[in-house]
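Worksheet: one structure, shown below.
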Amino acid sequence: MNRLAGKVAIVTGSSKGIGAAIAERLAADGAKVVVNYTRDATFADAVVARIAASGGEAIAVRADVAKDGEPRALVEATLEAFGKLDVLVNNAGIYDIDSLDTLTAESIDRHFSVNVRGLLLMTQAAARVLPAGGVVVNISSGVAKSPNPMAHAYCATKGAVDVLTRTLGMELGARRIRVVGIAPGFTETEGNRHLPRDLIQPFIAKTPLGRAGQPNDIAAAVSFAASDDAGWVTGSTIDVAGGLVF
Ligand SMILES: NC(=O)c1ccc[n+]([C@@H]2O[C@H](COP(=O)([O-])OP(=O)(O)OC[C@H]3O[C@@H](n4cnc5c(N)ncnc54)[C@H](OP(=O)(O)O)[C@@H]3O)[C@@H](O)[C@H]2O)c1
Numbered sequence: 020m021n022r023l024a025g026k027v028a029i030v031t032g033s034s035k036g037i038g039a040a041i042a043e044r045l046a047a048d049g050a051k052v053v054v055n056y057t058r059d060a061t062f063a064d065a066v067v068a069r070i071a072a073s074g075g076e077a078i079a080v081r082a083d084v085a086k087d088g089e090p091r092a093l094v095e096a097t098l099e100a101f102g103k104l105d106v107l108v109n110n111a112g113i114y115d116i117d118s119l120d121t122l123t124a125e126s127i128d129r130h131f132s133v134n135v136r137g138l139l140l141m142t143q144a145a146a147r148v149l150p151a152g153g154v155v156v157n158i159s160s161g162v163a164k165s166p167n168p169m170a171h172a173y174c175a176t177k178g179a180v181d182v183l184t185r186t187l188g189m190e191l192g193a194r195r196i197r198v199v200g201i202a203p204g205f206t207e208t209e210g211n212r213h214l215p216r217d218l219i220q221p222f223i224a225k226t227p228l229g230r231a232g233q234p235n236d237i238a239a240a241v242s243f244a245a246s247d248d249a250g251w252v253t254g255s256t257i258d259v260a261g262g263l264v265f
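Sequential numbering from 20 applies to the sequence shown in this note's numbering.
Following this line, the structure appears as structure tokens:
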């Protein structure tokens, strides 16, 4: 399928997990893709190599979305490499398990600085150059609507993401730029591989389709959101969770 032919996309946090699958899917749909990471270039380079091996085009760019100036530098690097930007996927996110006993001020700040401040600063930097027809896709989570007391700080950030999908959609609609949220259910990735099976099993047991999500399940929904097929969708968040209500 070539529904994103001629488009240029940034996928934040796309060296691993859901972001890596989104980067590969958008490239398979014809977009030129910027694969973003913060820590280890090896993983990002591997995603770029897989895209190239499938006939696509991508580059890896290091930038921490939570750090002042780095979202803007990421957009500048995209313009330098590909000359424009059409699609921003705000996927970079962190999640820790907590409780009122274990929460710390540092952990609350860290979650909000990546998941909320990073998303907002990335969108601000991208909005300066997105054309009419441009798209911002925000990766939310099922926990925004059905929160879980195992992760207070994380759930609160994803509630904020859904509000921002709405407010950004309202502001950017006047420029014909769409903003769409995608809310995954539990999805197996590098970020949660270390979690004990007995913590994950209850989520799968409550999923009508009877399995955990895979990164490609989420990438397919992002491909739709970024394409003209979703031309009448903005300011709202789509559940992609196998029917799971947390
Ligand atoms: N997995 C799930 O079950 C699930 C469910 C609902 C929603 N989500 C959401 O989906 C998104 C991806 O989750 P995942 O499970 O795929 O995560 P993951 O496997 O931990 O991968 C996270 C990616 O984000 C990058 N990253 C982290 N902090 C960053 C920052 N400050 N700036 C730029 N990149 C950064 C990481 O790169 P480095 O390692 O190089 O830093 C990595 O590429 C998150 O927003 C998460 O909240 C996940």
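From the three backbone atoms N, C-alpha and C, an ideal C-beta is built for every residue, glycine too. This structure is a prediction, so every number in the text was calculated from the model and none was measured.
Lys51 carries a strand assignment under DSSP once its states are collapsed to helix, strand and coil.
Within its own chain, the residues whose Cβ lies closer than 6 Å to the Cβ of Phe222, once the five positions on either side in sequence are excluded, are Phe205, listed in chain order. Buried is the label assigned to Gly232, since at least 16 other Cβ atoms lie within 10 Å of its Cβ. For Glu76, the three-state secondary structure derived from DSSP is strand.
In this structure, His213 lies away from Tyr173, with their beta-carbon atoms at least 8 Å apart. In terms of Cβ geometry, Val27 and Ala50 form a close pair [threshold 8 Å]. The continuous beta strand (DSSP E) containing Arg197 extends over residues Arg197 to Pro203. Note that the region 119-138 touches the region 156-174; at least 3 beta-carbon pairs, one per stretch, sit closer than 8 Å.
The C-beta distance from Ala111 to Gly32 rounds to 3 Å, short enough to fall under 8 Å. The straight-line gap separating the alpha-carbon atoms of Asn157 and Met141 is approximately 11 Å. Gly192 has its CB no nearer than 7 Å to any heavy atom of ligand 1.
With 16 or more other Cβ atoms from the protein chains shown falling within 10 Å of its own Cβ, Arg44 counts as buried. Of all C-beta pairs linking the region 82-96 to the region 185-192, fewer than three are shorter than 8 Å, placing the two stretches out of contact.
The closest heavy atom of ligand 1 lies less than 7 Å from the beta carbon of Thr208. Taking the CA atoms as reference points, Lys177 sits about 15 Å from Ala260. Around the beta carbon of Val155, 16 or more other beta carbons lie within 10 angstroms, which makes this residue buried. Secondary-structure assignment with DSSP links Ala28 through a beta bridge to Val52 and Val106. Under DSSP, Thr256 takes part in a beta bridge, and its partners are Gly200. Annotation for Val154: the continuous beta strand (DSSP E) segment containing it runs Val154 to Ile158.
For Thr186, the secondary structure class from DSSP, reduced to helix, strand or coil, is helix. Beta-bridge pairing by DSSP links Thr206 to Gly232.
By the beta-carbon neighbour count (other beta carbons within 10 angstroms, threshold 16), Arg230 is exposed.
The DSSP-derived three-state label of Arg44 is helix. In terms of side-chain proximity, the C-beta atom of Pro203 is found nearer than 7 Å to a non-hydrogen atom of ligand 1. Val108 and Asp117 have their alpha carbons spaced roughly 27 Å apart.
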